Structures are given as C-alpha cells and as structure tokens.
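Contents: one structure, followed by commentary.
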Amino acid sequence: MAFSAGADSTALLLAAHAQWGERVLALHVHHGLQAAADAFEATARATCARHGIALVSQRVNAHGAAGQSPEDAARQARYRALAALAQASGASWVLLGQHLDDQAETVLLALSRGAGLPGLAAMPDAFSREGVHFGRPWLGIASADLRAWLQRQGEHYVDDPSNQDTRFTRSRIRHQLAPAWAGAFEGYREALSRTAGHAAQAQRLLDELATADLASIGHPPTLAALQGLSRDRQANALRHWLRSDEGVAASAAQLDELLDQIDACRTRGHRIHIKVANGFVVRAQDRLAYTPSV
C-alpha cells in the first residue's frame, strides 16, 4: 500500500496490517520537492520497523513540464512510481489513503473549474493504471476520525508542510473554502460525496450510450453517421472516442468548434482541422481522425 507517513496512510497501513499481516508491503515515494521529504522517509521506515512491516522506497523526479501544475506533476510521478514498485514486488493492489475530506475537496475543485461529469465524479473507490489495481477504502471516513484514532493508539505521523501552503489550490480550498461550507452546511462533506457518486453513475450511462453510438457510426466516426445524431449525442460520442481511443480530452471551446465544423461539413472539399490537446482532429475522407503533433 502507498505509505507517505502522513496521518491518513499511517492509519490505513496499520488497519491493513491488522487485517492481512505479513502480506502487506508499504510503498514509499520520495518526491524530493521539499526539505522535509527526507524526514518523511525516515518516519516511514521507523514506523514500518516498529510494526514489523516490509517497506520499499523510490525517489522520483516530480518536477513538472512547462505549464503543468506542481500538484499534477507530483501526482503523476507518484502513481507511476507506485505502479512500478507494486509490479516489481508482485503486488496486484495498491491501497491509497484518500478520505472523505479529500473527496469533498476534489468536488469543490471540480466545481471551481467548471468541470463536467468526469470531474464532478471526483475520485473512484477503485481504478487500474499500468496493470496495477488501486483502491481507496477511506473515502467514506473523515480525516478527523482517522487522526483521533491514531492519537488514541499513540501513533506518530508527519504533517506535510505543503498542506498549509495556500499558494496551492487544494490548500486554499482546505483552509478557506471548506471551513465556510462546514459553517453553512452541516454534513457538506457527505453531501458532496453523494454528488460525486451521482455524477459517476451518470457518466457511466453516458459512456454506455457513447459506446453504442460509436459501434454504429465507427471508430473513428464517419461524418455522415455522426451528423445523424443530435448535437448532444455527437458531443458525447466525440468525447468518448477522443478519451478512449486517443487518450486526449477536448476543451469546451474546442468541442463546440468541432461540432460546428461537423455540422457545416456537407461537401467533399470541406476541411476540418481543430486543435485538441497536443494534436488535431482532422477530416480524413469520409470520417474524422486524430493526428498527434510531432
């Protein structure tokens, strides 16, 4: 399981060890982004030694590319490292310590960005990446309850200083927006978690519809068949095609422009060339195609 030595992952590590004993392996990722990272690793090793839990650690370069947020870069590096460590250790599942507060913050973050259903669905309780299964068993449990349990056990953990740094969007939500919601709406975390569940269910239904539509209009879709769908179903099918076949997502503005071009495409000479992510959606004879930038 992923073990940062913070409160949430410490509680999960101890619970997993109580349940599965020696089958549990702690996976620690050293991001190297702050001076406290060495102390995190030292605490992780001390905790595992005290409880007789095996630990493996890996250092990663979590610095993002130009234009990439530090949080996203660190998250992507962490998941790659966890998947690699799990595969090297023969583990098929990695447990993650995200909890109810994290889920509520993710929904608030999605709302602030004008996200669609995939964003509002927030974090799933299970997913797969690079051949490894990831699970989040704490999504229904509040952070305060986990910390209170650790205090009763007399268990030591570390607090990441970056969690207090309001330069990061999620930290601003945690320290400025979340307390306001809590003061105005009792039980807002559970309510936002339910919203995430409703959004995830709706997205699954849209994915089923898109799969059925793409089965009839083609992968990639033919223009004439695509034009036979309503604009909303065209948008849903195009999002699904780009995400599932090409691994990219169009912005709202890009998708609107693409839908306008598809509607106007009534002659053989009509050209379609719309930028999406790091490539272009283009017309290739009677159908669409996606061409990544070289």
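Those letters in the sequence shown? Residues -18 to 275, by the numbering used here. For each residue, glycine too, the CB sits at the ideal point set by N, CA and C. Fair warning: this is a prediction, and the values are worked out from it, not measured in the lab.
Scanning the stretch -18 to 6 from its first residue to its last, no whole beta strand (DSSP E) run of 3-plus residues comes out.
Counting only residues of its own chain and dropping the five nearest sequence neighbours on each side, LEU131 has a CB closer than 7 Å to the CB of ALA(-12), THR(-9), ALA(-8) and TYR138.
Of the residues GLN242, HIS80 and VAL37, the one whose Cα lies closest to the Cα of ALA69 is VAL37. Residues VAL88 and LEU101 of the same chain have their beta carbon placed closer than 7 Å to that of THR176, with the five preceding and five following residues left out of the count.
Remark: C-beta atoms of ARG94 and ASP106 do not approach each other more closely than 8 Å. Burial state of PRO160 is exposed, judged by a 10 Å Cβ sphere holding fewer than 16 other Cβ atoms. Listed in chain order, the non-local C-beta contacts of LEU120 below 6 Å within the same chain comprise GLN84 and ASP106, local neighbours out to five positions each way being set aside. The beta carbons of PHE115 and VAL75 sit closer together than 8 Å. Under the 8 Å Cβ criterion, the stretch 258 to 273 counts as touching the stretch 225 to 239, having at least three qualifying pairs. Straight-line spacing of the CA atoms in ARG224 and GLY33 works out to 43 Å.
Counting every other CB atom within 10 Å of its CB across the protein chains shown gives ALA(-14) a total of 16 or more, marking it as buried.
As DSSP reads the structure, TYR271 sits in a beta bridge with VAL262.
Distance check between LEU127 and each of GLY164, LEU92, HIS80 and ARG148 places HIS80 closest, using alpha-carbon atoms only.
Taking 8 Å as the cut-off, the beta carbon of ALA67 is found no closer than this to the beta carbon of LEU(-6). The alpha carbon of MET(-18) has as its nearest neighbour, out of ALA54, GLY78 and ARG40, the alpha carbon of GLY78. Taken through DSSP and simplified to helix, strand or coil, GLY178 comes out as helix. For the pair VAL5 and ALA64, the CB atoms are not nearer than the 8 Å cut-off. With fewer than 16 other beta carbons inside 10 angstroms of its own, HIS254 counts as exposed.
The stretch 48 to 82 is shown to contain whole beta strand (DSSP E) runs of 3 or more residues at 74 to 76, in chain order.
Per DSSP, GLY250 lies in no beta strand (DSSP E) and is assigned neither H nor E.
Closest option to GLN215, judged by alpha-carbon separation, among ALA163, LEU195, ALA230 and ARG247: LEU195.
Straight-line spacing of the CA atoms in GLN157 and ALA165 works out to 13 Å.
At a Cβ-Cβ threshold of 8 Å, ARG40 and HIS(-2) do not count as neighbours. DSSP places LEU36 in no alpha helix (DSSP H) but in the uninterrupted beta strand (DSSP E) bounded by 35 to 40.
When secondary structure is reduced to three states using DSSP, PHE166 falls in the coil class, being assigned neither helix nor strand.
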